[in-house]
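Residue numbers (my numbering), protein chains in the order written: chain A, 458 to 823; chain B, 6 to 542.
Read the structure below first, then the notes.
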Amino acid sequence: MDFLPTLWFILIAVLWIGYLFLEGFDLGVGILMKTFARGEKERRVLLNTVGPVWDGNEVWLLTAGGATFAAFPFWYASLFSALYIPLVFVLLALIFRAVAFEYRGKIHSDTWRTTWDWAIAVGSFIAAFGIGAMLALTTTGLPLNANGDRVGGPFAWFSWFAILGGLAVVGFALIHAAAFVALKTDGDIRHRARRLVGRWMPVGLAPMAVWAIAVALQNGKWFSWLLIALAVVAACVSWAANRAGREGFSFLSMGVFLVAGAAAIFSAAYPVVLPSTLNPLWNLTVENASSSSYTLRLMSIVAAVGVPLVLAYQAWTYWIFRKRISVAHLPEPHDFAAAVGHDGAKKAPEPATAGAAGPATPGGDS
Amino acid sequence: MYFVDEGKIVEALDIARWQFGIVTVYHFLMVPLTIGLGTLVAILQTRWHRTGNEAYLRMTKFWGKLFLINFIMGVATGIVQEFQFGMAWSEYSRFVGDVFGAPLAMEALLAFFVESTFLGLWIFGWKKLPAKVHLACLWIAVAGSIVSAYFILVANSWMQHPVGVEMLDGRPVMVDAWAVFTNNTALVAFFHTITGALAVAGGFLLGISWYHLWRRRKDGIDTVDATGRVIVGESATIPGRDKKDHSVWIKSLRFGAVVAMIAFAGSAISGDLSGKLMFEQQPMKMAAAEAACHDGTGFSILSVGDLGAKDCSDVVAVMEVPGLLSFLAHNDFTTEIKGVNTLVPEYQAKYGKYLPNDPMYGSMAGTEINYVPIMPVTYWGFRMMIGFGGVAAAAAAVALWATRKGTVPRSKGLMRLALVGILAPFGANAAGWIFTEMGRQPFVVAPNPSMTGIDQVFMFTASAVSPGVSAGEVIFSLVALTSVYAVLLVVEVILLTKYIRGGVVSAMPELDQTKKTDDGGRGPGGEADDDVLAFAY
C-alpha cells in the first residue's frame, strides 16, 4: 500500500467534506428561499446570511474536482464522463444559482426577483441532489468496462443509491441551513428556523445515515462503524442543543455529524475510489487510478501550504461577517433611472437606447 | 458492428469540439474584462485613498459595479471549464492527468479561493473593514485572478508545448515541475493574456466614459468656449449630474485610453515573442496562419484562392511584405520560413502518415492524417487578432487627442463608434484564442519538436473524446449550454446597459440629488445599518 495515494484519498475526502459543510448550508439556504422564507424581506435576509461567503464556499467544489483530476485522473475521467447528463444539470443549476445571487437585486421589479428566486431555489436543489448522487455512485459503483468507460446508455448509471445520495445531501443541506439561519439571523425568522431544525432533523439526516450504513455493510472497517456511531451521537447532541436554544453548539454538532458521517462513507469505500458494477477487477482504486508519486509529492506540498491558508482566511471572513442579520437591518432596495435629460429621454429617436431604461423604472418609488 | 460504434465516436468528437470552442470562447468574453477591469478598479480605489479626491471614489464604485455584474458570469461559466475535461474528454484526461491536473488544482486552491473569498470581503466590507484592509482585499482578489490566469495558461501551454515529462506506459508523467511551470510558452502567453485583458478594460472605460461625456453635452450640462475648451456645468434635475461627475468621466476616459495604448504595446511585444516561439514549436500553425504553402520570407497582407484546399495549390498571395515573415520569426529579413508543402512530409515522417488502426480513433482509425489546420480560420483568425487590437489602440490614441480640451465632440456618430469600439479588443482576444487552438489541430497535445523517438509526447484530438459518451448526450449538453449562455448574455448586456445609463448614481444612490431624503440616502435604522450590513443583496 502506497502512502501518497492514501494521503490523497484522505485529502480529497477532506475537500468534499469541506464542500458539503460550507456549501451545504448555502445550498440549503437557497432551497429555503422558496420553501421557508415569508415575503421579500425574509428572502433578502436569507440571501444576505450567505451573501459574502457563498462564492468562496463553492470553490471547495472546484478544488475537489481539480484535486481529483490531479491526483486520480482515472477516477476523475471515469466518474465525470459516466455521469455526463446528471452533471450537465448540476452545471446548469450552479450557473443559474450563481448568476441569480448577483443579479436578483439589480433590477427593482417583482417579476425579476421572483424569477431569480426560483433560479436560486431550484438551482440549489438540483446542485445538491446531483452532487449527492455523484458521491453516492462513486462509493457504490457504476457500470464501467476495463478502460473505465460507462457501458450502456446515457442513464446506465442509475441506481437507487443515486436517489439515496441525492436525498442525503439535500436533506442534510436543508437542516444544516436551518441551523445556520437560526445562528445568523434575529427575530421571527430565527425562531422559525430553530423550530424547523427540531422538527425535521431526524428526517433530514436519515438518508445520509442510511447511505453510510449501506457502504459500511459492503466493505466497512471497524472505524467506519465507530464514525457512524459518532455521527449519530453528534446528531442527537445537535438536536438537544437546538432544543436548549444553543444555536452555535447545535450548528457545530451538526458539522461533527457531517464530518463523521462522510468520513465513515469514505473510509468504508477505501481503497476503492470507483467500483465497477460489472467486474470487481475493473474497480478503480487508490493504486490504479492515481498519478505518479512525483506529481502527488508536488501536490502534497501545495496542499500543505494552501489548505491551512484557505481555512485561515475563510475563517476570518466568517468572523468579519459574524453578526446576526434581521429584517430591520436591510437597506432599502435602490432604484435609479438613466441619467439623461428630459428632452433627451423623450425625443431620443432610436428605440434601442431609449427603451433599455424604460421597462426597469416603473414603480420605482413604491 | 464496429462501424456503428465508430460512427458514434466520431460524431461525438465533432460535437464535443464545437462545444468546447463555444463554451471556452464565451467564458473568455468575461475573463479578460474581469482581470483587466479588476486591476483598474483597484488602481482607482488606491488613487482615492492617496488623494482623497471623491471623483476616484465614484469611479471605484461605478466601475466596480460593472465589474461585479461581469465577474459573476465568468465564475458561473468557469465551472463548466473544469468539469468538461472529465465529462467530454475522458481519454484526454487520462492521458494528460499526471501533468495537466496539477495546475488546474493549484488554480482552484491557490488562486480562485483567494479571488472569491476576498472579493466577497470587498463587496460586503465597505465601511465594515478598516479602509486600508478593504483596499487590500481588492488587491488580493485581483492578484488571485491574475495568478489564476497563470495556472490556466500553464495547463494550456503544456498542450501547446509539452515539457517536463517522460513517457511511462504510454502516458506522460511529470518529472520536472519547474520545467512545466516555467514553460516559455506559458510565460509569454501569460504576458500576452494579461496585456490583452488590460486592453479590453481600457476600451471599456473609454467607450462608456465617452458616452457619458457626450450625454452631458447633449443634455446641455457641459458646453465649450470659443477655443473649444470645456465649461463644466451641473444639472439639478438629472440624477448625479454635478460638476464632479464630469471629472469622473474625463478621468476615466483618459485613463482607459492610456491603459489601452500601453496594453496594446505590451501585447504587440508579447505577441511577437509568442510568434517567434510558435515558429519554432509549432511551425505548421504559423505556416497556416500565413496560408503559406511554399517556403518564403514575405508576410501576406492578402491571399486569395481556396485556403481550404488540401494541397493549397491555388492559394496566391496578392500582397506581401517581403522579409516581414522572416523578421517575425527570426528577427532577420532573409531566413526562409517553411511553408505547408514542406512541413507536411516532415510531420508525416515524425508523427506518422496514418492514424493508428485502433478503435479509439473511431471511424478515423487508419485514415490519413491531415496535418494542415483549417487555413481560413487560422489565416483570418491571426489577422483579426492583430487588426482588432491595432484598431482599438489607434482609436484610443485618437480619443486621447480628441478629448484634450476636456470633453468629447457633440457628434452622435463618434459616440456610437466609441461604444462599438468596446467590442474590438474582445474580438481580438477571441480571434487569438480561436487561432491558437485551431492552429494546433490535428493535435490536442501538440508534439514538442525537440523531443524525439519514444520520448515524443503528443495526442491526436481524434482520440481524446470520452469513448463511453454518446453523440446524443453531447448534443444535449451543447444545446442546453448554448441556449442558457445565449439567454444569460442578453441578461448581462441588459443589466450592464441599465447600470451604464444610470451613471454613477447606479452605484451610489446617495448622489441622487433629485430624490430628497432626510436620512442622507440611507435606509431607516441609522448607524446600525453600517454596522451589520454595509452592503446587501
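Ideal Cβ positions, reconstructed from N, Cα and C, are used throughout, including at glycine.
Values in this document were obtained by computation on a predicted structure and should not be read as measured data.
The C-alpha of PRO659 (chain A) is placed about 16 angstroms away from the C-alpha of ALA717 (chain A). Looking at the DSSP output, TYR359 (chain B) shares a beta bridge with B:GLU373. Bounds of the alpha helix (DSSP H) holding PHE123 (chain B) are 118–129. For LEU424 (chain B), the enclosing alpha helix (DSSP H) stretches over residues 417–426. In the three-state scheme derived from DSSP, where H, G and I count as helix and E and B as strand, PHE615 (chain A) is classed as coil. Burial check for SER538 (chain A): the Cβ neighbour count within 10 Å reaches 16 or more, so the residue is buried.
Fewer than three pairs of CB atoms, one per stretch, sit closer than 8 angstroms, so the segment 371–388 of chain B makes no contact with the segment 449–461 of chain B. With a 10 Å radius around the Cβ and a threshold of 16 neighbouring Cβ atoms, TYR359 (chain B) comes out exposed.
Here the alpha carbon of ASP460 (chain B) sits roughly 28 angstroms from the alpha carbon of PHE440 (chain B). The residues GLY238, SER240 and ARG246, in chain order, have a CB closer than 6 angstroms to that of ILE226 (chain B) in the same chain once the five nearest residues on each side in sequence are set aside. Interface annotation, ASP103 (chain B): in contact with chain A, CB-CB separation under 7 angstroms. Take ALA634 (chain A), set aside five residues on each side of it, and the residues of its chain with a beta-carbon closer than 6 angstroms to its own are PHE482, GLY485, VAL486 and LEU489, in chain order. Per DSSP, VAL784 (chain A) is not a residue of any alpha helix (DSSP H), being assigned neither H nor E. The beta-carbon separation of LEU787 (chain A) and LEU538 (chain B), rounded to 7 angstroms, stays under the 8 angstroms limit for a contact.
Three or more Cβ pairs drawn from the segment 215–222 of chain B and the segment 248–264 of chain B lie within less than 8 angstroms of each other, which places the two stretches in contact. Around ALA697 (chain A), no beta-carbon contact reaches into chain B at under 8 angstroms, the shortest distance being about 30 angstroms. Within chain B, the residues GLY125, LEU126, ILE128, PHE129 and GLY130 have their CB atoms less than 8 angstroms from the CB of PRO509 (chain A), given in chain order.
Annotation: TYR504 (chain B) to TYR542 (chain B) spans about 16 angstroms, alpha carbon to alpha carbon. In the three-state DSSP reduction, GLY508 (chain A) falls in the coil class, being neither helix nor strand.
Here TYR775 (chain A) is exposed, its C-beta having fewer than 16 other C-beta atoms within 10 Å. VAL767 (chain A) is not a Cβ neighbour of PHE33 (chain B), given a cutoff of 7 angstroms. Residue pairing from DSSP places PHE465 (chain B) in a beta bridge opposite B:PHE448.
By the Cβ neighbour-count rule, MET78 (chain B) is buried, with 16 or more other Cβ atoms within 10 Å of its own.
When CB distances to chain B are screened at a threshold of 9 angstroms, the residues of the segment 546–571 of chain A falling below it are PHE546, VAL547, LEU548, LEU549, LEU551, ILE552, PHE553, ARG554, ALA555, VAL556, PHE558, GLU559, TYR560, ARG561, GLY562, LYS563 and ILE564, in chain order. Secondary structure of MET513 (chain B) (DSSP, three-state): coil. Remark: C-beta atoms of PRO327 (chain B) and GLY344 (chain B) do not approach each other more closely than 7 angstroms. With the criterion set as a beta carbon lying under 9 angstroms from some beta carbon of chain B, the segment 704–715 of chain A has no members that meet it. In terms of Cβ geometry, GLY301 (chain B) and ALA796 (chain A) do not form a close pair [threshold 7 angstroms]. Proximity of ALA107 (chain B) to chain A, defined by a Cβ-Cβ separation below 7 angstroms, is satisfied. Within chain A, ALA534, SER535, PHE537, SER538, GLY605 and ASP606 have C-beta atoms less than 8 angstroms from the C-beta of SER95 (chain B), given in sequence order. For ARG176 (chain B), there is no enclosing alpha helix (DSSP H); the enclosing beta strand (DSSP E) covers residues 176–179. In this structure, B:PRO37 is the residue among B:PHE100, B:PRO37 and B:HIS54 with its C-alpha nearest to the C-alpha of GLY83 (chain B). For LEU424 (chain B), the closest Cβ of chain A is not nearer than 7 angstroms. Identification of chain A residues near VAL80 (chain B) by a Cβ-Cβ cut-off of 7 angstroms yields ASP512 and ALA555, ordered along the chain. Within the same chain, Cβ atoms closer than 7 angstroms to the Cβ of GLY394 (chain B) are found at ALA204, PHE269, SER272, PRO430 and ALA433, the five residues on either side in sequence being excluded.
Note that the C-beta distance between LEU501 (chain B) and GLY212 (chain B) is not below 7 angstroms.
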